[in-house]
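Q: Submitted below is the structure of interest, expressed as structure tokens.
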Amino acid sequence: MLSSQDISTITNSLDDECRHDLIENLSSTHSVIHHPFLEESTRAIKETAIPWQDHHRSGLLTADEVAMIQHVEQASPEDIDLIMNEHGVHYAGLYLDLMANLARVDTVKRVLVLIQDMLNGHEDERIVLFHQASQGKPNYPFQPFHKALSINDEFIGVQAGKILTLLICSTDQRDVDIEDLFRWMTFQLQSNKPYVIDLNVQNLNCLFHVSDYRLVFWRTLHAMDSLISVLRRGGNDPQKTYQVLFAIWLLTFQSTIAAQLNEKYDVISTLMEIAKSAVKEKVVRITMAIFKNLIERAPKNNLAAMLVADLLSFVQHLASRKWSDQELIEDIEFIQEQLQENFQSLTTFEVYASEVETGKLEWSPPHQSENFWRLNADKLNDHDHQLLKQLARLLSVAQQSSVLAIACHDLGQYVKYVSKDGKRQLEKVGAKQKIMELMTHQDQQVRYQALTATQKYFAMVS
Numbered sequence: 001m002l003s004s005q006d007i008s009t010i011t012n013s014l015d016d017e018c019r020h021d022l023i024e025n026l027s028s029t030h031s032v033i034h035h036p037f038l039e040e041s042t043r044a045i046k047e048t049a050i051p052w053q054d055h056h057r058s059g060l061l062t063a064d065e066v067a068m069i070q071h072v073e074q075a076s077p078e079d080i081d082l083i084m085n086e087h088g089v090h091y092a093g094l095y096l097d098l099m100a101n102l103a104r105v106d107t108v109k110r111v112l113v114l115i116q117d118m119l120n121g122h123e124d125e126r127i128v129l130f131h132q133a134s135q136g137k138p139n140y141p142f143q144p145f146h147k148a149l150s151i152n153d154e155f156i157g158v159q160a161g162k163i164l165t166l167l168i169c170s171t172d173q174r175d176v177d178i179e180d181l182f183r184w185m186t187f188q189l190q191s192n193k194p195y196v197i198d199l200n201v202q203n204l205n206c207l208f209h210v211s212d213y214r215l216v217f218w219r220t221l222h223a224m225d226s227l228i229s230v231l232r233r234g235g236n237d238p239q240k241t242y243q244v245l246f247a248i249w250l251l252t253f254q255s256t257i258a259a260q261l262n263e264k265y266d267v268i269s270t271l272m273e274i275a276k277s278a279v280k281e282k283v284v285r286i287t288m289a290i291f292k293n294l295i296e297r298a299p300k301n302n303l304a305a306m307l308v309a310d311l312l313s314f315v316q317h318l319a320s321r322k323w324s325d326q327e328l329i330e331d332i333e334f335i336q337e338q339l340q341e342n343f344q345s346l347t348t349f350e351v352y353a354s355e356v357e358t359g360k361l362e363w364s365p366p367h368q369s370e371n372f373w374r375l376n377a378d379k380l381n382d383h384d385h386q387l388l389k390q391l392a393r394l395l396s397v398a399q400q401s402s403v404l405a406i407a408c409h410d411l412g413q414y415v416k417y418v419s420k421d422g423k424r425q426l427e428k429v430g431a432k433q434k435i436m437e438l439m440t441h442q443d444q445q446v447r448y449q450a451l452t453a454t455q456k457y458f459a460m461v462s
């Protein structure tokens with residue numbers, strides 16, 4: 001079992017790659033996971049009397065358990081400290097049993113409040129007591145709180161989720177049913193209650209300090225979709241934006257995630273928009289830290305996409321501003337240097353390919369260069385026609401008329417310059433029919449490019 005000192009040591013070594021002044025220490029987890037909703041709900045719950053004696057008469061509680069509860073229920077924080085210093089492990093065992101055996105909503109709420117009273121101001125040393133009280137008891141200390149997550153009550157959900165997070169982050173055990181917790185949290189991130197989302201993001205920030213759990217979350221169905229959706233919905237609260245960005249930053253320490261994040265969720269442009277509108281320096285800082293991770297851990301997957309998004313111009317602008325944070329300044333310099341170096345080394349086709357992969361087509365020089373297509377049309381067939389398929393896909397999913405027009409143009413150039421089977425490949429990926437449908441599009445430029453591509457198609461010999 002881990003002592004408070006052990007927890008601090010683990011925190012400092014959980015991810016040596018993570019900069020310590022950005023990461024909150026696990027020993028201060030209790031100061032991270034908080035929300036006025038919890039405090040307000042706690043006050044209301046304490047005003048409701050619980051008939052503990054009735055539970056005793058019904059056989060749910062022993063007389064000794066009732067006595068222990070009543071001894072602390074109305075006690076002052078100072079008295080609770082004295083009691084827990086002497087009998088803390090016994091109360092931890094009692095509370096675990098109560099969470100495991102009781103089902104009434106009002107009673108479970110009160111037990112969760114009693115646990116919070118026990119932890120207040122002493123989370124580090126007292127959360128460990130729950131691990132000590134669980135020795136020899138299968139499924140303890142996690143299962144009683146997992147069970148509580150299935151109760152249809154918001155306070156129980158967020159408070160049990162908070163305590164479960166504290167328990168998981170205070171042990172080096174890795175046999176926790178973290179998949180089940182992440183599935184539950186994914187659902188919570190879709191809530192229409194801001195405080196539910198906020199508290200669950202804070203929980204994630206604690207859990208993501210443990211590198212083993214990052215990929216588990218990444219692979220949880222709809223988990224990343226829900227987290228990115230929270231980021232994009234944003235709002236005007238810099239602290240909430242920062243917390244979501246912080247979670248994403250921790251995730252990007254995994255190379256697998258850094259390599260796929262922008263490809264799947266188009267985060268580079270989203271992060272740029274957030275940084276451009278940020279009023280707090282720390283929001284810019286965490287955004288730049290994410291970009292740095294994406295470059296360091298998956299440069300091949302991200303540098304070209306960053307150039308397409310014109311991140312270079314943006315960081316050049318940031319470099320001209322005055323910042324108080326030295327690491328932010330260093331990150332901006334690093335990103336700028338990497339983008340400038342790779343701008344020189346990336347081929348024209350690599351930049352074009354990144355445009356197609358991200359769906360951010362613009363009338364950049366390669367599109368309109370006959371020589372570019374003469375040299376590169378066959379490359380659209382590489383990797384099982386990956387780029388050709390993406391251009392065809394854009395004809396169906398793109399919302400901007402300019403993207404539709406450019407995609408039609410490029411497919412026309414492809415069929416004109418590809419060495420063989422161009423017409424058959426367009427039909428195979430479904431592009432031919434879609435281009436012909438776009439000949440009646442409401443936008444004049446789309447109609448023109450679709451017509452031109454169709455003419456090139458029929459002009460080629462099969």
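At position 236 of the sequence shown the residue is numbered 236 (the UniProt record's numbering), and the sequence of numbers has no breaks. C-beta: ideal position from N, C-alpha, C; glycine also. Model, not experiment: these values are computed from the prediction.
1. So V230 and V244 are supposed to be a Cβ contact under 8 Å. How far apart are they, rounded?
2. Straight-line CA distance for A289 to L328?
3. For a minimum of 4 consecutive residues, which ranges assigned as the alpha helix (DSSP H) are wholly contained in the stretch 215–277?
4. Which whole-angstrom value is the C-beta distance of L388 and Q425, which I expect to be below 8 Å?
5. By DSSP, does N371 sit in helix, in strand, or in coil?
6. Assuming I33 and L199 form a contact by the criterion Cβ under 8 Å, report the distance between their Cβ atoms to the nearest whole angstrom.
7. With DSSP run on the structure shown, which of helix, strand or coil describes Q135?
8. Indicate the three-state DSSP secondary structure (helix, strand or coil) for D180 in the structure shown.
9. Could you spell out the range, first to last residue, of the alpha helix (DSSP H) harbouring F334?
10. Measuring alpha carbon to alpha carbon, tell me which residue in E370, Q74, Q386 and P238 is nearest T358.
11. Within its chain, find whatever has a CB closer than 7 Å to the CB of F372; leave out the 5 residues flanking it on each side and keep chain order.
12. Over the uninterrupted alpha helix (DSSP H) stretch that includes Q53, give me the two end residues.
13. Should T454 be labelled buried (16 or more other beta-carbon atoms within 10 Å of its own) or exposed?
14. Could you check which residue in Y414, T48, H56 and I248 has the C-alpha nearest to that of V283?
15. Using three-state DSSP, classify M460 as helix, strand or coil.
16. Please classify G88: is it buried, with 16 or more other beta-carbons within 10 angstroms of its beta-carbon, or exposed?
17. When the Cβ atoms of the stretch 202–218 are set against those of the stretch 249–267, are three or more pairs found closer than 8 Å?
18. Closest to S255 by CA distance: which of I286, A298 and E355 is it?
19. Just verifying my parser: in three-state terms, what is the DSSP assignment at I33?
20. Start and end of the alpha helix (DSSP H) containing I290?
21. Does D153 come out as helix, strand or coil in the three-state DSSP assignment?
22. In three-state terms, what does DSSP make of N25?
23. According to the neighbour-count rule (16 or more other Cβ atoms, all chains shown, within 10 Å of its Cβ), is D331 buried or exposed?
24. So which of G234, L181, Y242 and D237 has the shortest CA-CA distance to A223?
25. Quick one: give me the first and last residue of the alpha helix (DSSP H) that T358 is part of.
26. Mapping DSSP to helix, strand and coil, what is L387?
27. Please say whether E350 and A304 have beta carbons closer to each other than 8 Å?
28. Starting from the Cα of N205, find the closest Cα among F187, T241 and L114 and give me that residue.
A: Taking the coordinates as given:
1. In the sequence shown, counting from the first residue as 1, residue 230 sits at position 230. In the sequence shown, counting from the first residue as 1, residue 244 sits at position 244. Correct: roughly 6 Å between the Cβ atoms.
2. The residue labelled residue 289 in the question sits at position 289 within the sequence shown. The residue labelled residue 328 in the question sits at position 328 within the sequence shown. Those two C-alpha atoms are separated by around 8 Å.
3. 223–233, 238–251, 255–265 and 267–277
4. Along the sequence shown, read from residue 1 onward, the residue named residue 388 stands at position 388. Along the sequence shown, read from residue 1 onward, the residue named residue 425 stands at position 425. Right, their Cβ atoms sit about 6 Å apart.
5. Counting from 1 along the sequence shown, the entry for residue 371 is found at position 371. Three-state result, N371: helix.
6. Counted from its first residue, the sequence shown places residue 33 at position 33. Counted from its first residue, the sequence shown places residue 199 at position 199. Contact flag correct, Cβ pair sits at about 7 Å.
7. What you label residue 135 is simply residue 135 of the sequence shown in a count that begins at 1. Q135: coil per DSSP, three-state reduction.
8. As a working mapping, residue 180 is identified with position 180 in the sequence shown. Helix, per DSSP.
9. Numbered from 1 along the sequence shown, position 334 holds the residue referred to as residue 334. Q326 to S345 is the extent of the alpha helix (DSSP H) around F334.
10. Position 358 of the sequence shown, counting from 1, holds the residue named residue 358. Looking at the Cα atoms, Q386 is the closest of the given residues.
11. By 1-based counting over the sequence shown, the position of residue 372 is 372. Same-chain partners within the cutoff: T348 and P366.
12. Against the sequence shown, residue 53 aligns to sequence position 53. Taken as a continuous stretch (DSSP letters only), the alpha helix (DSSP H) holding Q53 covers W52 to R57.
13. Taking the first residue of the sequence shown as 1, we reach residue 454 at position 454. With 16 or more Cβ atoms within 10 Å of its Cβ, T454 is classed as buried.
14. To locate residue 283, count along the sequence shown from 1; it is residue 283. When each option's Cα is compared against that of V283, the closest is I248.
15. Working through the sequence shown from its first residue, we reach residue 460 at position 460. Correct three-state label for M460: coil.
16. Position 88 of the sequence shown, counted from the start, is the residue given in the question as residue 88. G88 is buried by the Cβ-count criterion.
17. yes
18. As a working mapping, residue 255 is identified with position 255 in the sequence shown. Measuring from the Cα of S255, the nearest candidate turns out to be A298.
19. Translated into positions along the sequence shown, residue 33 becomes position 33. Note: I33 maps to coil in three-state DSSP.
20. In the sequence shown, residue 290 corresponds to position 290, counting from 1. It spans E281 to R297 - the alpha helix (DSSP H) in which I290 sits, taken as one unbroken run.
21. Taking the first residue of the sequence shown as 1, we reach residue 153 at position 153. Of the three classes helix, strand and coil, the one that applies to D153 here is coil, per DSSP.
22. Within the sequence shown, the letter at position 25 stands for residue 25. Note that N25 has pLDDT 39, beneath the 50 cutoff, so the model's placement of it is unreliable and the number below is only indicative. Of the three classes helix, strand and coil, the one that applies to N25 here is coil, per DSSP.
23. Along the sequence shown, read from residue 1 onward, the residue named residue 331 stands at position 331. Burial call: buried.
24. Position 223 of the sequence shown holds residue 223. Checking every option, the nearest Cα to that of A223 belongs to L181.
25. Working through the sequence shown from its first residue, we reach residue 358 at position 358. Note, T358: alpha helix (DSSP H), T348 to T358.
26. On the sequence shown, residue 387 is found 387 positions in, with the first residue counted as 1. Helix, per DSSP.
27. Taking the sequence shown and counting its residues from 1, one reaches residue 304 at position 304. Taking the sequence shown and counting its residues from 1, one reaches residue 350 at position 350. In contact: A304 and E350 (Cβ atoms closer than 8 Å).
28. If you number the sequence shown from 1, residue 205 lands on position 205. Out of F187, T241 and L114, T241 has the C-alpha closest to the C-alpha of N205.
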